[in-house]
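One structure is given here, and the rest of the page talks about it.
Numbering (this note's numbering), first residue to last: 13 to 885.
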């Protein structure tokens, strides 16, 4: 009882002993829980790092408010957190379970290694030393960046934890801005602070403390968009947050001194900084949601809209048919009025839902609103006519309503197709990113083991066996993640060699040969690094295509909005300032069309093969993104002279619809390009397109790197530019049985040729425009060829014969180590019997490679690897 009273602070009213007892019990319990398995270890790691971050935030607040007599307590508080962190990392390392989920084990080990490498506990102890010396301000500055690595460690273990933290942070920030604004208003209304100074100071202190305690994770730079010439800078979130803290602290001091005017200045500055921080968080929250969920919310909304509109359209057509029967039979139509009124109510409710409660509708919704408003107006008239006149008089209104609902449903269906395509591309991009992250962990883990093995003696080698065996198992587990790039890249051969080398390294470690094991591990990591590089190439290419698709997606939405606005003017020619509105619309449409031409180039759908043209249906084969604005300008001139402009307006709407349909085809083709299968049986034009895509994506990356490099440092990247020029030159050389050299590739090569010299001469002003010109030419080629080669889906199989799978053969592999890469050795899927034999031959060769490699001395293995890779090419 006495111990319990002491812990809960019965005499001193200090809760800290009780908190310490509870925390100690939780840590001990966590130490037991993590022994259950890898999932429990990851959960304990996530919970504890979150708690450490929170403890440090609390200690930072105490540092900011510290008095000299609190120095020792603050130092001990930091030393305790450092000790807890060391204990956690040691317990996790010693209790690590290697039986299940190798990649999860590797990921946790990498996070533990990262925290140790960052020296976080050393920095926390240094903070403690500064606090003990009374240097609390310096200690708070040193401690501030130590919270972030702990938060990020939690994010890697808990799916959705980053988004949840950002959501909570934004809610706190919104409340802070509101609270600070209210306090500012209160202070402004007072003639002087006077008697209310204590209460105002208490409120200000509460707001400041809330901000100090709020965890702020790292906010990366915004996603690059198509026309970004440089990578966007990392937003200055820390600057805004710390400035707000400083201004709030200054406001506290001014309030205490009774200086109202100075306090108001500090409060206004704090509000401004908080708003700037909130803007950054709002942007990142949207990107984080897309990173986690893609555009699934948009897909869900679009699906629901299509479903609702289909039901409304069906009901209206049904009512139209019933009204026609009643009109033919000359019966009373009042019985239909109730059903028509019910549908009218439903459409009005749907309109309110789409428009949002006082919010500005999104541009995707505007065209739908226009058609639904027209439908609602016609249905209201139909209802009134059914009630007051008769069936025959209501038919015209019902037909207009049915047509408007059909148009609305078609618009919604088109939007659903758009967002589905965007979701597919984002999902592919995320999958490539995960594969790249996984390979980074594998390579990093092997490098860590190399460093440890080099320092190990015979006694310290055995503990390294478990992590090395785990890494070998990781090569099996990561294989499915590489499925998406296997159709494009030969990742199998380097994986085979890596697996063989890791097995040999294990044997050397078991024999106590640390030096030999380290040498073999080094060879293994070279193969793994190659795989990582191949996956990274796909990642860069996917990002390049995604930027184009995102722009075209926005342009497609803009085209629908332009058509909607043009229709409004056509149907309401007497609206106020109609001419000015028409001229403004023509100007906006012209800018959009010029941008589209700049992005996509001169596209000719007539170059498509006959079958593809037939599949396009009624889509206009002549692509002219400038046609809508030309027609709009014609309409504006007619309006200016007082003549009817209905015909050119209607033609402009049709031209915009045609452009939208054409953009959808382009998006569809580009959407399949990053993941398209490329086999030896495919036409050389497809191989050339993939090579051009690789060149274009790397060139765009280098363009942005150039823009962000100081003039004096430009010669350092000239070599990279020269390599790209060499790659472009290869695309301008025709093979005897290959396609003719494409003029765009010749032009791109000529544009690239002088750039390296310009960079060597530190002439950025001349180099960047040349890079932009080459970037545009390469993009036009990629888009044109994606259309011509129909990259929306892989080419159809030319053989219906069954293909023998690896599972049906028993002579290809002798161990599971080789078997796990069977799907990736060739990097391609069979299209016919010839290709099938090529693939089986490649797989046989890979198996022989491994078996033969095991028998070779180490010094010959690199030579053999290089030879077989050249043979594979």
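Even for Gly, the Cβ is constructed at its ideal location relative to N, Cα and C.
So what does DSSP say about residue i, is it helix, strand or coil?
i: residue 634; result: strand
i: residue 570; result: helix
i: residue 469; result: coil
i: residue 513; result: helix
i: residue 525; result: coil
i: residue 98; result: helix
i: residue 616; result: strand
i: residue 324; result: helix
i: residue 403; result: helix
i: residue 343; result: coil
i: residue 734; result: helix
i: residue 773; result: coil
i: residue 746; result: coil
i: residue 372; result: coil
i: residue 390; result: helix
i: residue 116; result: helix
i: residue 864; result: With a pLDDT of 49 at residue 864, under the threshold of 50, the modelled position of that residue is not reliable, and the figure given next carries that caveat. The answer is helix: DSSP assigns residue 864 an H, G or I state.
i: residue 603; result: helix
i: residue 436; result: helix
i: residue 109; result: coil
i: residue 645; result: helix
i: residue 655; result: coil
Which whole-angstrom value describes the C-beta separation of residue i and residue j, a residue pair presumed to lie in contact below a C-beta threshold of 8 Å?
i: residue 195; j: residue 215; result: 5 Å
i: residue 574; j: residue 660; result: Actually they do not touch by this definition, with Cβ atoms about 14 Å apart.
i: residue 113; j: residue 168; result: Not really, about 14 Å apart at Cβ, beyond 8 Å.
i: residue 539; j: residue 510; result: 4 Å
i: residue 462; j: residue 533; result: 5 Å
i: residue 701; j: residue 790; result: The Cβ separation is near 11 Å, so there is no contact.
i: residue 547; j: residue 681; result: About 24 Å; that fails the 8 Å criterion.
i: residue 146; j: residue 65; result: The Cβ separation is near 25 Å, so there is no contact.
i: residue 181; j: residue 219; result: Residue 181 to residue 219, Cβ: 15 Å. No contact.
i: residue 561; j: residue 424; result: Not a contact, Cβ separation roughly 21 Å.
i: residue 231; j: residue 247; result: 5 Å
i: residue 119; j: residue 351; result: About 60 Å; that fails the 8 Å criterion.
i: residue 152; j: residue 76; result: 6 Å
i: residue 760; j: residue 730; result: In fact, because the Cβ distance is near 18 Å, the residues do not count as touching under 8 Å.
i: residue 87; j: residue 144; result: 4 Å
i: residue 748; j: residue 697; result: Contact flag wrong, Cβ pair sits at about 15 Å.
i: residue 481; j: residue 110; result: 7 Å
i: residue 559; j: residue 237; result: 6 Å
Can you tell which of the options has the C-alpha that lies nearest to the C-alpha of residue i?
i: residue 286; options: 308, 259, 269 and 798; result: 259
i: residue 719; options: 681, 777 and 425; result: 777
i: residue 788; options: 107, 361, 757 and 800; result: 757
i: residue 798; options: 685, 87 and 422; result: 685
i: residue 336; options: 290, 409, 320 and 289; result: 409
i: residue 571; options: 376, 358, 363 and 773; result: 376
i: residue 361; options: 387, 342 and 374; result: 387
i: residue 673; options: 637, 687, 281 and 199; result: 637
i: residue 418; options: 326, 102, 515 and 300; result: 326
i: residue 98; options: 697, 80, 76 and 133; result: 133
i: residue 311; options: 658, 434, 235 and 391; result: 434
i: residue 449; options: 473, 486, 183 and 475; result: 486
i: residue 652; options: 192, 591 and 241; result: 591
i: residue 616; options: 795, 55 and 176; result: 795
i: residue 456; options: 468, 479 and 753; result: 479
i: residue 211; options: 578, 688 and 199; result: 199
i: residue 411; options: 644, 438 and 331; result: 331
i: residue 764; options: 398, 583, 150 and 781; result: 781
i: residue 249; options: 329, 284, 529 and 264; result: 284
i: residue 324; options: 459, 359 and 96; result: 359
i: residue 422; options: 669, 393, 441 and 602; result: 669
Return the bridge partner residues of residue i from the DSSP annotation.
i: residue 725; result: None, per the DSSP bridge assignment.
Compute every distance between the C-beta of residue i and the non-hydrogen atoms of the ligand PLP, then say whether any falls below 7 Å.
i: residue 761; result: This structure does not include the ligand PLP; it has no bound ligands of any sort.
Report the start-end ranges of each alpha helix (DSSP H) in the stretch 537-571 that is 4 residues or longer and not cut off at the edges.
none
In chain order, which continuous runs of the beta strand (DSSP E) of length 3 or greater are located wholly inside the stretch 233-306?
none
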